[in-house]
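Just so you know, this note's numbering puts 830 at position 61 of the sequence shown, and the rest follows in order with no gaps. Down below is the structure, laid out as structure tokens.
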Amino acid sequence: MKISQQVRSDSGVTLAELLVVILILGILGTIVVPNMGFLTVEADKVKDKRNAQNIMLAYSTGVAAGVSWPAGDVATQVAAVIVGRKPAGGPMARMTFQSAVGVDDVAATYQYIGVRSTGELYFDSTGGQSTSGH
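This is the structure in structure tokens:
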């Protein structure tokens, strides 16, 4: 009589190995997740800068078309660009020049928009202007 011997295969994962992998993933998670907040801050800065560029585009094309923007600080002039204005006359008199930036996003653009001594707005890519718009 022949007795067959079965060979046991240890191809599974032990509980200790599984716990080590979970521990390593937990450590990596605590390192990576806090740094994800940095990415959202950078994305907000890019969005705010693009919105400021959008406002400046509407403002400068309006100036070229003959729109009379109100004098005042950044907040006053940007509010007028958001509402929109038409030139008093000329070939573009029927066109409204305004920015499509949402009202909730306007205040974050002030740091990228400044007022020259002549009263005109200008774009500052460094974001070094007043964040209050005044």
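For every residue, glycine included, the Cβ atom is placed at its ideal position computed from N, Cα and C. Only a predicted model underlies this, so the values are computations on that prediction, with no experimental measurement involved.
Spatial distance of residue i from residue j (CA atoms)
| i | j | result |
| --- | --- | --- |
| residue 758 | residue 811 | This structure does not reach residue 758, given that the chain is present from 770 up to 903, and the question cannot be answered. |
| residue 782 | residue 772 | 30 Å |
| residue 824 | residue 864 | 16 Å |
| residue 888 | residue 842 | 8 Å |
| residue 802 | residue 808 | 10 Å |
| residue 859 | residue 830 | 14 Å |
| residue 833 | residue 827 | 10 Å |
| residue 796 | residue 886 | 54 Å |
Reference residue i; option with closest CA among the options
| i | options | result |
| --- | --- | --- |
| residue 821 | 787, 883, 888 and 887 | 883 |
| residue 870 | 818, 892 and 795 | 818 |
| residue 814 | 877, 798, 891 and 892 | 877 |
| residue 890 | 797, 839 and 816 | 839 |
| residue 874 | 885, 900 and 886 | 900 |
Buried or exposed by the 16-neighbour rule on C-beta atoms within 10 Å, applied to residue i
| i | result |
| --- | --- |
| residue 805 | exposed |
| residue 794 | exposed |
| residue 785 | exposed |
| residue 790 | exposed |
| residue 787 | exposed |
| residue 852 | exposed |
| residue 894 | exposed |
| residue 868 | buried |
Rounded distance between the beta-carbons of residue j and residue i, thought under 8 Å
| i | j | result |
| --- | --- | --- |
| residue 836 | residue 866 | 5 Å |
| residue 907 | residue 855 | The requested residue 907 does not occur in the structure, where the chain is confined to residues 770 to 903. |
| residue 892 | residue 881 | 6 Å |
| residue 902 | residue 844 | 3 Å |
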